[in-house]
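**Student:**
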Amino acid sequence: MSFWFGMIINEVPHLGIYFLAASTALAAGQGDLGSTGARATVALAALTTLALAYSLWLGIRSGRSIDDALDEGLGADWRDRVRIPLRRHRPWLRIVLLPAYMKQRDVRVVRNLSYGDAGRHNLLDLYHHRDTPQNAPVLVYFHGGQYTSGAKSREARPLLQRLASQGWVCVSANYRLRPETTFPGHQIDAKKVIAWMREHGTAYGADPARLFVAGSSAGANMAGLCALTPNDPRFQPGFESADTTVTGAICFYGFYGHYFGTPPDEPAPPMQPQGYIHPAAPPFLIAHGTNDALGTVEGARHFAAQLRAASHNPVVYAELPGAQHNFDIFRSPRSEAVVDGVAAFTARTLAAP
């Protein structure tokens, strides 16, 4: 509970500022600020407000970090090659007043489409523009939760809603969790989602040939594995002939360490995407918070460095100052900057010859 409370306040600190301001104003209105203890409490509230304001400033500053990472990973002239306008303004009214409200009027969500035979664990939600697009690029997203929890409707909703509003077809999928399955069961399900989109995506206006994978935490590990193991029969039992190649990968606050029960001295267990890096790896965007308490920023740095050393394609690595785990749950200055970065990264990747 304390982790989640801290994560929420870290990502939307203005909510804490509202609470402190309201409680102080209420106490003042009731004449309760005259004692020494009350004045000390007000001073503590003022210091806390300053700390929250600093946290908010770090979130706003994430936009600069994303821009610098794009310049480093794509080249300083990448903007000249992008054929679509890139959004730069922020939906401040929603950020300030309704950070948990995600719905957009021009986006339709088709819920609980089945892509496999594992019941509720093999369902996905599909997001698309209400004016059904044609030949739209695709984003396939996998949630986090340490392979033991999580669901398709909780994370990355700012990303899914924004891209769908801009004409993409996006899916967010459940997959089998522990203890019902173990590795490679999660990864097989991820490949099934890609295969399903290849087969059925055109019915929703998608162009499955332009398909990106994305994920958060454990889902980032899965997305990385999907990108690095196209058409690998070890992860496609019974559907070996399905095309599971992807155009690019997007990894948020990923956990790139050892899987449950894997000996820590094993250098490259099959669950780690690092063990599958190759020169033809597709473009990657990796975003990680400097204050992440669950997936270390050092692990993300190492993964990005290994990719850059081996891959012939761009690798964008963005460290987000002050960011914790789960920075993609709310509409915040930081999450909006990250979505801007994804839009830029995918636009540049799709514009590449």
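For any residue, its number in the working numbering is found by taking its place in the sequence shown, counting from 1, and adding 149. Beta carbons are placed, not taken as given, at the ideal position from N, Cα and C, and that holds for glycine. This structure is a prediction, so every number in the text was calculated from the model and none was measured.
1. Please tell me whether alanine 472 and arginine 483 are closer than 7 Å, where the distance is taken between their beta carbons.
2. Looking only at DSSP bridge pairs, what is isoleucine 399 linked to?
3. Can you grab the Cα-Cα spacing for the pair leucine 242 / phenylalanine 388, in whole Å?
4. With a threshold of 16 other CB atoms inside 10 Å of the CB of arginine 359, please say whether the residue is buried or exposed.
5. Is any beta-carbon of chain B found at less than 7 Å from that of glycine 212?
6. Going by DSSP, which residues form a beta bridge with alanine 504?
7. Going by DSSP in three states, asparagine 271 sits in which element: helix, strand or coil?
8. Excluding five sequence neighbours on each side, which residues of the same chain lie with their C-beta closer than 6 Å to the C-beta of alanine 512?
9. Can you have a look at phenylalanine 154 and say buried or exposed, based on whether 16 or more other CB atoms are within 10 angstroms of its CB?
10. Does the pairing of the region 287-299 with the region 247-264 give three or more beta-carbon distances under 8 Å?
11. Alpha carbon to alpha carbon, how far is leucine 175 from glycine 448? Give it in angstroms, no decimals.
12. Quick one: residues in its chain with C-beta nearer than 6 Å to the C-beta of proline 432, no 5 flanking neighbours on either side, listed in chain order?
13. Looking only at its own chain, which residues have a Cβ that is under 7 Å from the Cβ of glutamine 336, when we skip the five neighbours before and after it?
14. Using DSSP's beta-bridge definition, name the partner residues of leucine 262.
15. Helix, strand or coil: which one does DSSP assign to glutamate 485?
16. Here's the rule: buried if 16 or more other CB atoms are within 10 angstroms of the residue's CB, otherwise exposed. What is arginine 188?
17. Measure the alpha-carbon distance for aspartate 220 versus tryptophan 227 and round it to whole angstroms.
**Tutor:** So, to answer that:
1. Yes. Within cutoff.
2. Among the bridge pairs identified by DSSP, isoleucine 399 is matched with Ala363 and Leu434.
3. Whole-angstrom Cα-Cα distance: 47 Å.
4. Within a 10 Å sphere around the beta-carbon of arginine 359 sit 16 or more other beta-carbons, which makes this residue buried.
5. Among the protein chains of the structure shown there is no chain B, as only one such chain exists.
6. The chain is shown from 150 up to 502; residue 504 falls before or after that span and cannot be answered.
7. Three-state result, asparagine 271: helix.
8. This structure cannot settle anything about residue 512, because the visible part of the chain is limited to 150 through 502.
9. So phenylalanine 154 ends up on the exposed side.
10. Of all C-beta pairs linking the region 287-299 to the region 247-264, fewer than three are shorter than 8 Å, placing the two stretches out of contact.
11. The alpha-carbon separation between glycine 448 and leucine 175 amounts to approximately 46 Å.
12. The answer, listed in chain order, is Gly397, Asn462, Pro463 and Thr498.
13. Met371, Leu374 and Phe384.
14. Bridge partners of leucine 262: Leu273.
15. In this structure, glutamate 485 counts as helix in the three-state DSSP scheme.
16. Arginine 188 is exposed by the Cβ-count criterion.
17. Rounded to the nearest whole angstrom, the C-alpha separation of aspartate 220 and tryptophan 227 is 7 Å.
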